[in-house]
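A.B. asks:
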Amino acid sequence: MITKKITECQEHVLVNDEEHGEIICTRCGHVIQDKIEEIGAEWRSFENQPDRGRTGDGTYLSKHDMGLATIISRSNKDVTGKPLSSGMKNTIERLRMWDNRSQAYTAGDRNLRQAFSQLLSLKEKLVLTDAVIEKTAYIYRKAHERRLTRGRQISAFLCATLYAACRETETPRTLKEISKSSTVKVKQINKCYRILVEQFELRMPLIDPIVCVSRIANKAGVSERTKRDAVNILKEYETKETTSGKSPMVIAATAVYIAGIKNNEGFSQRDIARAANVTEVAIRNRITAIREAIGLA
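Count the sequence shown with numbering that gives the first Met the number 0 and you get residues 0 to 296, in order.
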């Protein structure tokens, strides 16, 4: 029951009549609003399922049909729940087959279906969010509309769009990690990525090395104190030296290693390098520069 002041009456007491879809006043009987849409669950399930929701999933760019295609149920039961006859089962099975084929009739639909199937696999391997996946699908669809994917390997172009989406959303994923998860060579991904940047005139933001610290520290198993010290080292380093043109993962790994030495964690360069998926040589080359910049011995 809701109390609300309006013009017809000094103070109406409003009640929602769910049966008739109206909001009425219990004092004067005035109908405030009618034909209200019911937003609750259905009173029954039309597919004999416990879920009584009125709608299905929302639309997604990461699905080749955006989630708008129809699907024939596999239950082999009619609306009353009775099993179908043998002849009707054969008919429904043929309808299912043609319905499935019609959803990817053109070459473009088959391209999107194959690409987004691989995208879902990469999502699980790289532990990516839905926002990154949707951004990847958006970029890939734009490239597909311009026919940039024609004559090129689907896996390589998909990995390039995924890397571009990670860069735009500032998600710390490197080319090596994407290449390892997809079995596509880094050189092929780089080639497709350059095409995307040139054709769409992308302006990618620089990755902040501080974002990578937490990921490296969790993989290496360092303490929270070392993690905080690594962040402080990076903040001080960024105020005195520019990080442009340098690998953010290498800088973050070096800061974690220096902080670990400071707190006597006992982690080797190999442990930090494996956690960051970089080489030990890259960390050694960056240690001197960071120490000199922040004044560490």
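Beta carbons: idealized from backbone N, C-alpha and C, even for Gly.
Which two residues bound the contiguous alpha helix (DSSP H) that contains residue 165?
C.D. replies: Segment 153-167, the alpha helix (DSSP H) holding residue 165.
A.B. asks: Given residue 285, which residues of its chain have a CB within under 7 Å of its CB, disregarding the five upstream and five downstream residues?
C.D. replies: Around residue 285: 249, 250 and 253.
A.B. asks: Going by the beta-carbon positions, is the gap between residue 276 and residue 173 smaller than 8 Å?
C.D. replies: For residue 276 and residue 173, yes; Cβs fall inside 8 Å.
A.B. asks: In whole angstroms, what is the alpha-carbon distance linking residue 265 and residue 102?
C.D. replies: Near 57 Å, if we compare the C-alpha coordinates of residue 102 and residue 265.
A.B. asks: In terms of alpha-carbon separation, which member of 247, 222 and 239 lies closest to residue 261?
C.D. replies: Cα-wise, what sits closest to residue 261 is 222.
A.B. asks: On the CB-based measure, 16 or more other CB atoms within 10 Å of its CB, does residue 131 come out buried or exposed?
C.D. replies: So residue 131 ends up on the buried side.
A.B. asks: Give me the Cβ distance between residue 215 and residue 280, rounded to the nearest whole Å; I'm assuming they're in contact under 8 Å.
C.D. replies: Not really, about 17 Å apart at Cβ, beyond 8 Å.
A.B. asks: Find the nearest neighbour of residue 177 within the set 73, 84 and 118, judged by alpha-carbon distance.
C.D. replies: For residue 177, the nearest C-alpha among the options comes from 118.
A.B. asks: Take the Cβ of residue 228 as the centre, count every other Cβ of all protein chains shown within 10 Å, and call the residue buried at 16 or more, exposed below.
C.D. replies: Burial call: buried.
A.B. asks: Using the C-alpha atoms, what's the distance from residue 28 back to residue 10?
C.D. replies: The straight-line gap from Cα to Cα measures roughly 13 Å.
A.B. asks: Apart from the five residues just before and just after residue 91, which ones in its own chain have a Cβ nearer than 8 Å to its Cβ?
C.D. replies: Cβ within range, chain order: 71, 75 and 83.
A.B. asks: Is residue 295 buried or exposed, if buried means 16 or more other CB atoms sit within 10 Å of its CB?
C.D. replies: Exposed, since its Cβ has fewer than 16 Cβ neighbours within 10 Å.
A.B. asks: Can you tell me whether DSSP reads residue 293 as helix, strand or coil?
C.D. replies: It is helical.
A.B. asks: If you count every other CB in all the chains shown that lies within 10 Å of the CB of residue 105, and 16 or more means buried, which is it?
C.D. replies: Looking at its Cβ environment, which holds fewer than 16 other Cβ atoms inside 10 Å, residue 105 is exposed.
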